[in-house]
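Quick note: the sequence shown uses our numbering, first residue 390, plus one each step. Backbone N, C-alpha and C define an ideal beta-carbon position, used for all residues, glycine too. Everything on this sheet refers to the single structure shown next.
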Amino acid sequence: MTAEPHPTATDGPANTRRPVAAARLPLRRRLLPVLALLLLAPWAAECSWGGFAIDDFLPVLIFLGPMYGGAAILVRETARHLGAGWPTIVLLAAAFGVLQAGLVDQSLFNPDFLDDTQYADTRAAAEATLVPGLEFSLRQAFDYVGNHIVLTICAPIVVVESFLGADRRLRPWLGRPGLVVIGVIYLLGSLLIFSDSSGRKDFLASPLQLTFATVLVLVLVATALLPRWRRPRPRRVRRVPHPLWVGLLVVLVRFGTDLTPGWAGVAVALAFAAAVGALIVYWSSRNGWGQRHVLAAGSASLLTAAAFAYLVPPYSPASPAAALAGDVAVTVVTLALIGGAWWRLVLRPLFASPQPDAGPALRRHQSRVPPGPADTAQGRRAGDTR
Numbered sequence: 390m391t392a393e394p395h396p397t398a399t400d401g402p403a404n405t406r407r408p409v410a411a412a413r414l415p416l417r418r419r420l421l422p423v424l425a426l427l428l429l430a431p432w433a434a435e436c437s438w439g440g441f442a443i444d445d446f447l448p449v450l451i452f453l454g455p456m457y458g459g460a461a462i463l464v465r466e467t468a469r470h471l472g473a474g475w476p477t478i479v480l481l482a483a484a485f486g487v488l489q490a491g492l493v494d495q496s497l498f499n500p501d502f503l504d505d506t507q508y509a510d511t512r513a514a515a516e517a518t519l520v521p522g523l524e525f526s527l528r529q530a531f532d533y534v535g536n537h538i539v540l541t542i543c544a545p546i547v548v549v550e551s552f553l554g555a556d557r558r559l560r561p562w563l564g565r566p567g568l569v570v571i572g573v574i575y576l577l578g579s580l581l582i583f584s585d586s587s588g589r590k591d592f593l594a595s596p597l598q599l600t601f602a603t604v605l606v607l608v609l610v611a612t613a614l615l616p617r618w619r620r621p622r623p624r625r626v627r628r629v630p631h632p633l634w635v636g637l638l639v640v641l642v643r644f645g646t647d648l649t650p651g652w653a654g655v656a657v658a659l660a661f662a663a664a665v666g667a668l669i670v671y672w673s674s675r676n677g678w679g680q681r682h683v684l685a686a687g688s689a690s691l692l693t694a695a696a697f698a699y700l701v702p703p704y705s706p707a708s709p710a711a712a713l714a715g716d717v718a719v720t721v722v723t724l725a726l727i728g729g730a731w732w733r734l735v736l737r738p739l740f741a742s743p744q745p746d747a748g749p750a751l752r753r754h755q756s757r758v759p760p761g762p763a764d765t766a767q768g769r770r771a772g773d774t775r
């Protein structure tokens with residue numbers, strides 16, 4: 390997806406455009422999307438695909454919210470403060486995925502990480518794609534980092550931004566003090582997970598593994614911050630596909646990742662992801678591409694995760710009733726979030742009261758009236774204080 394310019398609001402009869410001052414909003418309205426993303430990111434990362442039973446939802450939000458939610462907010466705010474778009478968000482999300490799996494919980498390098506869970510039987514499949522020297526599974530790396538990109542970071546940002554109006558969707562929510570607070574929250578949350586030796590199984594990655602993960606994180610961050618992602622690109626005058634096709638492509642990626650095991654399966658999964666990503670980037674450069682298409686991609690990832698929740702067990706053994714209750718709760722929450730986002734983005738404007746048309750006679754009269762003080766540049770600057 391290409392970078393989006395900051396939205397502006399039309400003010401005045403001369404179709405003058407000026408930035409919308411988000412700081413004028415009440416504090417509650419400014420912080421509401423921040424709190425929503427802080428809670429939605431951990432839920433999407435660990436609960437939306439069936440990783441936990443329903444009675445574990447609240448502990449997940451409490452203990453993992455600072456880390457996952459803090460990361461999602463920092464990624465989103467960094468991109469929006471820079472005036473960048475989805476390429477920067479995706480690259481920063483990938484950097485977070487490597488940071489999380491390689492340095493924080495070190496699940497990427499720990500062969501025993503899933504041994505005490507219901508996914509212990511996946512160890513043999515993971516060891517079939519071990520990278521020599523670094524001793525990590527490329528299959529697990531694709532799953533761990535890919536899920537962090539899609540579910541932890543991108544899908545929550547898409548959903549929360551779709552609830553907002555066009556004047557706030559692509560604008561920063563926090564200033565420097567707020568970013569410092571979120572940064573501290575993220576750091577403390579990550580230290581809490583790292584210090585939990587039972588979660589890491591008393592495992593520490595080797596210096597070579599830590600160096601590899603650190604260098605990869607720095608490369609991804611540096612790439613995400615390149616100025617090219619902040620340059621507006623000309624739109625191609627071609628027909629944009631219906632948002633449904635974008636969502637179906639995302640679903641195909643999920644089904645295409647498990648076609649075959651081993652190195653061949655990883656190659657197929659990477660090829661699927663790269664091809665679909667390139668096609669979405671190409672489509673996003675056309676006229677007519679908008680938030681509906683972005684929401685379709687995010688909706689598809691969450692809906693697919695919710696559908697597979699019925700087929701996978703939670704990490705810890707749970708009674709069939711608790712597991713089913715969790716899966717049903719995931720379905721209800723997912724449908725409520727996506728339905729609300731589509732209503733706010735697509736359906737609600739259709740029911741809004743249209744402005745009365747002044748009629749062609751009045752428009753012709755206004756076109757003959759010379760501009761007054763309110764229409765001049767000086768008048769518009771004075772009017773910005775309203």
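In terms of CA proximity to residue 637, 661 leads the group 427, 661, 615. Taken in chain order, the whole alpha helix (DSSP H) runs of length 4 or more contained in the stretch 596 to 636 are 596 to 613. Distance from residue 601 to residue 523 at the Cβ level is roughly 6 Å; contact confirmed, criterion being Cβ atoms closer than 8 Å.
Residue 547 is positioned such that its CB atom lies closer than 8 Å to that of residue 683. Taking a cut-off of 8 Å on C-beta distances, the stretch 493 to 507 does not touch the stretch 459 to 468, as fewer than three cross pairs fall below it. Per the coordinates, the alpha-carbon of residue 696 lies some 12 Å from the alpha-carbon of residue 644.
Contact check for residue 650 and residue 514: beta-carbon distance about 6 Å, within the 8 Å limit, so the pair qualifies. Excluding residues up to 5 positions away in sequence, 661, 662, 665 lie with their Cβ nearer than 6 Å to the Cβ of residue 642 in the same chain. A direct Cα-to-Cα measurement between residue 490 and residue 564 gives close to 29 Å. Its chain contains 462, 562, 563 as the residues whose beta carbon lies nearer than 7 Å to that of residue 423, once the 5 sequence neighbours on both sides are disregarded; these appear in chain order. Per DSSP, reduced to three states, the secondary structure at residue 560 is coil, with no helix or strand assignment. Annotation: the continuous alpha helix (DSSP H) that includes residue 697 extends over 680 to 697. Each of 603, 472, 504, 487 was checked against the Cα of residue 537, and the nearest Cα belongs to 487. Between the alpha carbons of residue 541 and residue 627 lies a gap of roughly 33 Å. Within the same chain, and ignoring the five residues on either side of residue 551 in sequence, the residues whose Cβ sits closer than 7 Å to its Cβ are 680, 684, 730, 733, 734. As DSSP reads the structure, residue 526 sits in a beta bridge with 519. Looking at the backbone, the Cα of residue 443 and that of residue 701 are separated by about 14 Å. Across the set 452, 437, 483, the C-alpha of 483 shows the shortest separation from the C-alpha of residue 607. Distance from residue 439 to residue 715 at the Cβ level is roughly 7 Å; contact confirmed, criterion being Cβ atoms closer than 8 Å. By the beta-carbon neighbour count (other beta carbons within 10 angstroms, threshold 16), residue 677 is exposed. Boundaries of the alpha helix (DSSP H) harbouring residue 470: 459 to 471, taken from the DSSP string. Sixteen is the threshold: when 16 or more other Cβ atoms of the shown chains lie within 10 Å of the Cβ of residue 703, as they do, the residue is buried. Separation of residue 671 and residue 719 (C-alpha to C-alpha, rounded to the nearest whole angstrom) is 33 Å. Residue nearest to residue 631 within the set 673, 705, 611, 621 is 673 (criterion: CA-CA distance).
Counting only residues of its own chain and dropping the five nearest sequence neighbours on each side, residue 723 has a CB closer than 6 Å to the CB of 691, 695. Distance from the CA of residue 434 to the CA of residue 580, rounded to the nearest whole angstrom, comes to 18 Å. Just so you know, the alpha carbons of residue 510 and residue 467 end up roughly 39 Å apart. Taking 8 Å as the cut-off, the Cβ atoms of residue 619 and residue 560 do not count as close. Across the structure, residue 445 and residue 621 are spaced so that their CA atoms are roughly 44 Å apart.
Its chain contains 689, 693 as the residues whose beta carbon lies nearer than 7 Å to that of residue 640, once the 5 sequence neighbours on both sides are disregarded; these appear in chain order. In this structure, the beta-carbon distance from residue 549 to residue 471 does not fall below 8 Å. Of the residues assessed, residue 545 falls on the buried side of the cut-off, its CB having 16 or more other CB atoms within 10 angstroms.
By the C-beta density criterion, residue 652 is exposed, having fewer than 16 other C-beta atoms within 10 angstroms. Across the set 432, 506, 441, the C-alpha of 506 shows the shortest separation from the C-alpha of residue 590.
If you ignore the 5 residues before and after residue 668, its C-beta comes within less than 7 Å of the C-beta of 638, all in its own chain and listed in chain order.
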